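One structure below.
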Amino acid sequence: MATNRKNQNAKGSKSGSRGRAKPGSGGQGNYYHIELRDGADFETFRTQDVGDPGHLQRVGGKRATGSWATVKWLVSKDDAHVEDGKLVGDTQEVRDLIKRLRSTPRQIRGDRFQVKPRRNVPERSKPTAAQSGARKQNIKKAQKAQRSK
Numbered sequence: 158m159a160t161n162r163k164n165q166n167a168k169g170s171k172s173g174s175r176g177r178a179k180p181g182s183g184g185q186g187n188y189y190h191i192e193l194r195d196g197a198d199f200e201t202f203r204t205q206d207v208g209d210p211g212h213l214q215r216v217g218g219k220r221a222t223g224s225w226a227t228v229k230w231l232v233s234k235d236d237a238h239v240e241d242g243k244l245v246g247d248t249q250e251v252r253d254l255i256k257r258l259r260s261t262p263r264q265i266r267g268d269r270f271q272v273k274p275r276r277n278v279p280e281r282s283k284p285t286a287a288q289s290g291a292r293k294q295n296i297k298k299a300q301k302a303q304r305s306k
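In the working numbering, the protein residues as written are 158 to 306.
Rendered as structure tokens:
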């Protein structure tokens, strides 16, 4: 389901009222929220089940430019637990996700966790070795598919 921020009323804006609490801040929900990017940068949100329904969910956001990116991950409380303010996966799917995030999710408040942002690679350093290797691999795969037709 997509939500749109354009139709928000002024209640939650900078009018001095506290407004609505962030999802996951109360600690009473069914999911841990692993935040990758600030939600204020996005206009529309969409949630996708990854793997088995209800276990691991990706929240994607659409920017004003039209590009989509992962805003946060929702991890079922049945699949992970908290140890010393860090999220630890109980299933292989969640352990793989945490490994791909490049840093251990640290607890902010309630069920909300945050990870370190990705390293910013300057344009003058691109393409990186990984990007060049992936491109060569994709070209070889396309050529092999073309030959097998």
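For each residue, glycine too, the CB sits at the ideal point set by N, CA and C. This structure is a prediction, so every number in the text was calculated from the model and none was measured.
Using a Cβ distance threshold of 8 Å, Val272 and Leu254 do not count as a contacting pair. Between Lys229 and Val245, the CB-CB gap reaches or exceeds 8 Å.
For Lys297, the enclosing alpha helix (DSSP H) stretches over residues 286-304. A distance below 8 Å separates the beta carbons of Arg220 and Phe199.
Cβ neighbours of Leu193 within its own chain (closer than 7 Å, five residues either side excluded): Thr227, Val228, Lys229, Val272. For Gly290, there are no CB contacts under 8 Å within the same chain when 5 residues up- and downstream are skipped.
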